[in-house]
Structure formats: structure tokens, C-alpha cells
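Participant: The numbering of the sequence shown is my numbering, which starts it at 71 and goes up by one.
Quick reminder that beta carbons are idealized off the backbone N, C-alpha and C, glycines included.
Bear in mind the structure is a predicted one, so any value in this text is a computation, not a measurement.
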Amino acid sequence: MTRAEELAGNLARVRERISAAAVAAGRPADDVGLVVVTKFFPASDVRLLADLGVADVGENRHQEADAKAAECADLRLRWHFIGGLQSNKAAAVAAYADVVESVDRPKLLAPLSRGAHERDRAVDVLLQVSLDPPEHGNRAGVAPGDLAALAEAAAQTEGLVLRGLMAVAPLGEDPAAAFDRLAQIRAGFLTDHPDATTLSAGMSGDLEQAVAFGATHVRVGSAVLGSRPVVP
Ligand SMILES: *Cc1c(COP(=O)(O)O)cnc(C)c1O
Numbered sequence: 071m072t073r074a075e076e077l078a079g080n081l082a083r084v085r086e087r088i089s090a091a092a093v094a095a096g097r098p099a100d101d102v103g104l105v106v107v108t109k110f111f112p113a114s115d116v117r118l119l120a121d122l123g124v125a126d127v128g129e130n131r132h133q134e135a136d137a138k139a140a141e142c143a144d145l146r147l148r149w150h151f152i153g154g155l156q157s158n159k160a161a162a163v164a165a166y167a168d169v170v171e172s173v174d175r176p177k178l179l180a181p182l183s184r185g186a187h188e189r190d191r192a193v194d195v196l197l198q199v200s201l202d203p204p205e206h207g208n209r210a211g212v213a214p215g216d217l218a219a220l221a222e223a224a225a226q227t228e229g230l231v232l233r234g235l236m237a238v239a240p241l242g243e244d245p246a247a248a249f250d251r252l253a254q255i256r257a258g259f260l261t262d263h264p265d266a267t268t269l270s271a272g273m274s275g276d277l278e279q280a281v282a283f284g285a286t287h288v289r290v291g292s293a294v295l296g297s298r299p300v301v302p
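1) Report the start-end ranges of each alpha helix (DSSP H) in the region 240 to 291 that is 4 residues or longer and not cut off at the edges.
2) Taking all protein chains shown into account, decide if residue 241 is buried (16 or more other Cβ within 10 angstroms of its Cβ) or exposed.
3) Is residue 289 near ligand 1, going by C-beta to nearest heavy atom under 7 Å?
4) Which value, in whole angstroms, describes the spacing of the CA atoms of residue 80 and residue 239?
5) Residue 281: beta carbon under 7 Å from a heavy atom of ligand 1?
6) How about residue 106 and residue 128: are their beta carbons less than 8 Å apart?
7) Hey, out of 101, 139, 153, whose CA is closest to residue 268's CA?
8) From the DSSP output, in three-state form, read off residue 86 for me.
9) Using a 10 Å radius around the Cβ and a threshold of 16 neighbouring Cβ atoms, would you call residue 71 buried or exposed?
10) Among the candidates 118, 113, 168, whose CA atom is the shortest distance from the CA of residue 75?
11) State yes or no: is the C-beta of residue 280 within less than 8 Å of the C-beta of residue 288?
12) Would residue 284 pass as a contact of residue 256 if the rule is Cβ separation under 8 Å?
13) Would you kindly report the start and end of the unbroken beta strand (DSSP E) that includes residue 127?
14) Can you list, in chain order, the residues of its chain whose CB lies under 7 Å from that of residue 224, leaving out five sequence neighbours each side?
15) How would you label residue 108, buried or exposed, when you count the other beta carbons within 10 angstroms and need 16 or more for buried?
16) Is residue 188 helix, strand or coil when you go by DSSP?
17) With DSSP as the reference, label residue 238 as helix, strand or coil.
18) Indicate the three-state DSSP secondary structure (helix, strand or coil) for residue 103 in the structure shown.
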């Protein structure tokens with residue numbers, strides 16, 4: 071089997087899971103988008119995925135994403151940055167990312183705005199909400215109690231378009247319970263920002279639960295590309 075055939079089969083299975091989950095949730099089969107997370111995999115795979123109709127790809131490390139986006143600049147893909155973001159890298163990320171999904175603190179807004187300005191194009195942002203219990207401390211994502219202030223600041227930042235929310239279900243918890251909390255957080259958020267309807271939630275292992283609780287797109291890596299190499 072060629073790599074193209076392998077990716078085509080995996081992609082078909084993932085698309086089938088997504089549409090089945092949408093239908094099970096009483097939503098249209100094509101209601102939920104797919105971002106294929108290509109981190110750790112080469113630009114050649116991104117190219118094969120583009121040939122298979124993938125329009126959105128996700129990356130979580132700036133250097134790798136920057137290089138891959140440059141190598142694939144001819145493909146007209148939408149690049150989603152989904153990883154932890156340092157404020158000194160944020161402007162550089164905004165130079166190639168079409169969507170920055172991991173905005174979790176006000177300090178990132180000015181550099182992202184600067185990057186968008188340099189590129190002369192607005193950048194879509196999602197606010198990453200932490201679903202971890204507060205005692206977990208420093209996990210990625212804004213605490214739900216701080217979301218409203220961050221959203222207000224993001225909405226007022228020139229060059230950024232607030233599109234919605236992103237979250238990752240905590241390890242060791244039933245993802246349905248976590249995404250249920252997320253749906254409630256989102257309902258409150260939408261009363262202040264009714265146009266920011268994007269909800270990025272769900273990965274290879276929990277996309278069905280995320281779709282059941284309103285995800286508008288899922289971020290799937292290993293179910294499409296295979297297992298990632300273990301980082302030493
Ligand atoms: C790696 C990653 C994914 C994809 O995870 P899989 O389990 O491989 O589908 C999704 N979201 C984020 C934020 C990630 O870092």
C-alpha cells in the first residue's frame with residue numbers, strides 16, 4: 071500500500087466517523103469540519119492530504135509549522151496553529167497561520183495583531199479554554215472565569231477576528247463530561263459574542279463526544295496520519 075492509499079483510507083474512515091457523529095447529534099452530516107493535525111509528519115504528507123481534498127491543517131510547534139507552511143505555500147491550505155504560544159513568537163506565527171486556535175492570555179494579542187498587520191491580512195483567533203480542574207495549575211488555556219475579559223480584549227484588537235473557542239479534554243476524565251462543561255461555557259460566551267460560533271474540540275480519541283456537545287470542527291492527527299514518533 072502506498073502512503074497515498076494509506077492516508078486516503080484513514081481519511082475516509084475519519085470522515086465517516088465525523089458524519090456519523092453529526093447525524094447522531096441530530097445535525098447535518100456535513101456540519102462538522104476537519105482540521106488534520108500534521109505535526110511530526112513531513113510536508114510530503116501535507117501534499118498528499120491536499121490532493122485528497124483536505125483544506126485545513128493544524129500544527130503545534132512554530133518552527134516546524136513555519137517551515138512546512140513555506141514548503142506548501144503553493145497549496146492554498148488554511149493553517150491552524152494549535153500549540154502553546156510564546157508571546158515572542160506570536161507575531162511570527164501570525165505571519166503564516168490563518169487561524170490561531172490557542173490564544174489563552176491577553177499578552178498574545180498585541181504581537182498577533184502586529185503579525186497580522188505586517189502581513190496585511192486579518193488573522194482568525196480562537197480562545198483556548200482550560201477544562202482542567204483549577205488545582206491543575208498551569209495547564210494550557212484560559213480559566214473559564216477569565217474568558218470574558220480575554221474575549222473582550224481579543225474582540226477589540228485590530229487585525230484579529232474573534233471566531234470562537236477551542237479546548238482539549240483533560241486526560242483521565244470522561245471527555246463527554248469535559249465537553250459538556252465546554253458547551254455551557256460556550257453558551258455564556260455566545261451571549262456576549264454571538265458571531266463567534268466556531269468550536270474547535272475533539273481529537274482522534276474523542277471526536278464523537280465533542281461533536282455531540284457542539285464542536286464545529288475537530289482536530290484529528292493520529293487517526294489520519296498514524297502514530298507520531300515518540301519524542302525523546
Ligand atoms: C496533536 C493535537 C491534536 C491531534 O491529536 P490526535 O490524538 O493525534 O488526533 C489535536 N489537538 C491538539 C491541540 C493537538 O496538540
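Facilitator: A quick look at the data gives this:
1) DSSP assignment within the region 240 to 291 yields the following whole alpha helix (DSSP H) runs of 4 residues or more, N-terminal first: 245 to 262, 277 to 282.
2) Exposed is the call here.
3) Yes, Cβ of residue 289 sits closer than 7 Å to a heavy atom of ligand 1.
4) C-alpha separation (whole angstroms): 23 Å.
5) Incorrect: residue 281 has no Cβ contact closer than 7 Å to ligand 1.
6) Cβ distance < 8 Å, so residue 106 and residue 128 count as in contact.
7) Closest option to residue 268, Cα to Cα, is 101.
8) In this structure, residue 86 counts as helix in the three-state DSSP scheme.
9) With fewer than 16 other Cβ atoms within 10 Å, it is exposed.
10) Closest by C-alpha distance to residue 75, out of 118, 113, 168, is 118.
11) For residue 280 and residue 288, yes; Cβs fall inside 8 Å.
12) The criterion of a C-beta distance shorter than 8 Å is satisfied by residue 284 and residue 256.
13) Here the beta strand (DSSP E) through residue 127 covers 126 to 129.
14) The residues are 173, 179, 195, 197, 230, 232.
15) It is buried - the Cβ of residue 108 has at least 16 other Cβ atoms within 10 Å.
16) Residue state for residue 188 is assigned as helix, using DSSP reduced to three classes.
17) Judged by DSSP in its simplified three-state form, residue 238 adopts coil rather than helix or strand.
18) Residue 103: strand per DSSP, three-state reduction.
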